[in-house]
Ligand code: MN
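Numbering (the numbering used here), first residue to last: 19 to 210.
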């Protein structure tokens, strides 16, 4: 199965001024596309994986008997494809408030503000490239970051919110100011 770019649910400029159109276009058409190209190239070598869902592949990566080098390609580029596909769906120029999620977050982290502070701190302290996540892990909400394109699915966790903190996600507009990017990003997260 050949993966292709999923439809972007908004225009490149829809998240302005918080995420600029140029960053959005390059992120989607160049970075995301590159993960897909590398993923497709790898899958051509493994016909046994052709019919398996990518989510399933990621959560059982160690048991597939792949060469270490190929496992890393899947981890990085399969993860890259899944993470970005997910990322586009949780952002919107309009809020679609998820009351159930809001009350779950309040229950786990006391308040939305405390959750945001923890999420931001986790994002700022991720050294180098990676993602910060709110995941469901055994029915409990957890915040943590992952390096590179590592997906929470590698640990069997279900992502609920994910923020790309690779420089390619924000550098054109924010340069080195990752903290400003994070503060502004809440405006385009659709859930609250
Ligand atoms: Mn990215």
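Just so you know, even glycine gets a beta-carbon here, dropped at the ideal spot from N, CA and C.
Endpoints, the beta strand (DSSP E) within which residue i is located
i           : result
residue 176 : 176 to 182
residue 134 : Residue 134 -> not in any beta strand (DSSP E); alpha helix (DSSP H) instead, spanning 130 to 142.
Endpoints, the alpha helix (DSSP H) within which residue i is located
i           : result
residue 91  : 86 to 91
residue 192 : 189 to 192
Chain-order list of residues whose beta-carbon lies under 7 Å from that of residue i (same chain, five-residue window excluded)
i           : result
residue 104 : 177 and 180
Pair within 8 Å by beta-carbon distance, residue i and residue j
i           : j           : result
residue 142 : residue 196 : yes
residue 169 : residue 97  : yes
residue 64  : residue 43  : no
Assigned exposure category for residue i - 16 Cβ within 10 Å defines buried
i           : result
residue 22  : exposed
residue 187 : buried
residue 93  : buried
residue 37  : buried
residue 175 : buried
residue 75  : buried
residue 146 : exposed
Residue from the options with nearest C-alpha to residue i
i           : options              : result
residue 99  : 193, 70 and 55       : 55
residue 52  : 167, 89, 201 and 173 : 167
residue 106 : 45, 171 and 79       : 45
residue 20  : 62, 158 and 121      : 62
residue 198 : 171, 210, 48 and 185 : 185
residue 134 : 95, 182 and 200      : 200
residue 60  : 30, 91 and 50        : 91
residue 205 : 116, 111 and 128     : 111
residue 237 : 203, 24, 191 and 208 : There is no way to answer for residue 237, as the model of the chain reaches only from 19 to 210.
Chain-order list of residues whose beta-carbon lies under 6 Å from that of residue i (same chain, five-residue window excluded)
i           : result
residue 140 : 150, 161 and 163
residue 95  : 53, 56 and 57
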